[in-house]
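A short write-up of the structure that comes next.
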Amino acid sequence: MSPRRVLLTGATGFIGQRLQKALLEAGFELTALIRPSSRRSARLAPRCRRIEAELADSAKLAPLLPEFDAVIYAAGSVRGRGIEDFQAANVDGVAGLVELLNRAESEQPFLLVSSLAASRPELSDYAASKRAGEDALGESARFPWTIFRPPAVYGPGDREMRPILRMASRGLLARPGPAPQRLSLIHVDDLAGAVLAWLERWDACQGRVFTL
Numbered sequence: 000m001s002p003r004r005v006l007l008t009g010a011t012g013f014i015g016q017r018l019q020k021a022l023l024e025a026g027f028e029l030t031a032l033i034r035p036s037s038r039r040s041a042r043l044a045p046r047c048r049r050i051e052a053e054l055a056d057s058a059k060l061a062p063l064l065p066e067f068d069a070v071i072y073a074a075g076s077v078r079g080r081g082i083e084d085f086q087a088a089n090v091d092g093v094a095g096l097v098e099l100l101n102r103a104e105s106e107q108p109f110l111l112v113s114s115l116a117a118s119r120p121e122l123s124d125y126a127a128s129k130r131a132g133e134d135a136l137g138e139s140a141r142f143p144w145t146i147f148r149p150p151a152v153y154g155p156g157d158r159e160m161r162p163i164l165r166m167a168s169r170g171l172l173a174r175p176g177p178a179p180q181r182l183s184l185i186h187v188d189d190l191a192g193a194v195l196a197w198l199e200r201w202d203a204c205q206g207r208v209f210t211l
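Going by numbering that gives the first Met the number 0, 72 is the number at position 73 of the sequence shown; the sequence numbering is gapless.
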């Protein structure tokens, strides 16, 4: 049976907002885990419940986790000057939630929305942090898990890819670095569709890493 009650981290971000829309339209009971200090709570849909807590707040989160059928970790940092700027969201948050679920002897499926960059951790601090987050899940989890590695995500609300897409709309060719280079893209709605498909068939995806 597919999960119906879903806990989502990163719900107020670019990807998270589209996941909210897709999950609610598909009939899931959605709860967003947001920081108490978040200035983005207005980005939550009216039908989306909220839990205000830090990922490190085990005392508050531990008794709440059993009520969910699935957990989707879409939180993350994409900008920073060094590995420490990515550590909290991309590594520590994953590790902390994994530890809580292990303690609860959880059997809920867990989806980590990582990044294609994790396949080449030597390229940047961001890539290294994404791989470390994957390792924190894959090496420690005692519950069903899956990792998605999407490439650059674009679509309504995106800020990172907007300059490149704006140039393309004007007929200008943007080359990503020295030739030959390729830039892989995925529309945010296609990523959301993959998440919905995972919720329906998570049992066939256990322990696997998917490049989208």
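Cβ atoms here follow ideal geometry from the backbone N, Cα and C, with glycine treated the same way.
Treat the numbers as computed from the prediction; the structure is a model and nothing was measured.
Residues bridged to residue i [DSSP beta-bridge criterion]
i	result
Thr-145	Leu-110 and Arg-207
Ala-88	Paired residue(s): none; Ala-88 is not in a bridge.
Leu-7	Ala-31 and Ile-71
Val-97	In the DSSP output, where bridge partners are listed per residue, Val-97 has none listed.
Leu-184	Ala-151
Three-state class that DSSP yields for residue i in the structure shown
i	result
Glu-104	coil
Val-194	helix
Val-77	coil
Own chain, CB closer than 7 Å to residue i, minus 5 neighbours either side, in chain order
i	result
Ala-55	Gly-95
Gly-156	Phe-13 and Gln-16
Leu-23	Leu-29, Ala-44, Arg-46 and Cys-47
Asp-124	Gly-79, Gly-81, Ile-82 and Phe-85
Ile-33	Ala-10, Thr-11, Ser-40, Arg-49 and Glu-51
Phe-117	It should be pointed out that residue 117 corresponds to Ala in this sequence rather than to Phe. The answer, listed in chain order, is Ala-126, Lys-129, Arg-130, Glu-133 and Arg-148.
Cβ-Cβ distance between residue i and residue j below 7 Å
i	j	result
Ala-74	Thr-145	no
Leu-29	Tyr-72	no
Gly-154	His-186	yes
Val-93	Ala-135	yes
Same chain, Cβ closer than 6 Å to residue i, five either side skipped, listed in chain order
i	result
Ala-31	Leu-7, Ala-10, Leu-43, Cys-47 and Arg-49
Val-208	Ile-146
Lys-59	Ala-52
Pro-143	Pro-108 and Gln-205
Sequence-distant residues of its chain with Cβ nearer than 8 Å to residue i (five each side left out)
i	result
Ala-103	Ala-61, Leu-64 and Pro-65
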